[in-house]
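Chemist: Numbering (the numbering used here), first residue to last: 1 to 105. Note that the Cβ used here is the ideal one computed from N, Cα and C, for glycine as well.
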């Protein structure tokens, strides 16, 4: 079995030194540090270690529903602590990659 340390997110595995990526990592680390240990653990296991909810529940000794609700609350808190991270996922302008399609029965 592999032992997981969930106190902090894993180090960047991309090896890139891009200044904007470094800034995002700093903001993310700061925001994660302000979450509770439980919230941080759930987010690290789910999104940094990419574990399914069932595995996180087993590791933490709780139900899948608890993992889901903790994930939801933790992400909401993260958005409050670091709103600039949400802007990274939002497209700067509408995508023109696809056009409306009429669906017929």
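May I ask which residues mark the beginning and end of the alpha helix (DSSP H) holding residue 55?
Modeler: Segment 53 to 60, the alpha helix (DSSP H) holding residue 55.
Chemist: Buried or exposed: which applies to residue 36, given that a residue is buried once 16 or more other Cβ atoms fall within 10 Å of its Cβ?
Modeler: Exposed.
Chemist: Under 8 Å: do the segment 26 to 35 and the segment 55 to 73 share three or more Cβ pairs, one atom per stretch?
Modeler: No: fewer than three Cβ pairs fall under 8 Å.
Chemist: So, for residue 78: in the same chain, excluding its five sequence neighbours on each side, which residues have a beta-carbon less than 6 Å away from its beta-carbon?
Modeler: For residue 78, where only same-chain residues beyond five positions count, the Cβ hits under 6 Å are 31.
Chemist: Residue range of the alpha helix (DSSP H) that residue 23 falls in?
Modeler: Residues 19 to 33.
Chemist: Where does residue 36 sit, in a helix, a strand or coil, going by DSSP?
Modeler: Reduced to three states, the DSSP call for residue 36 is coil.
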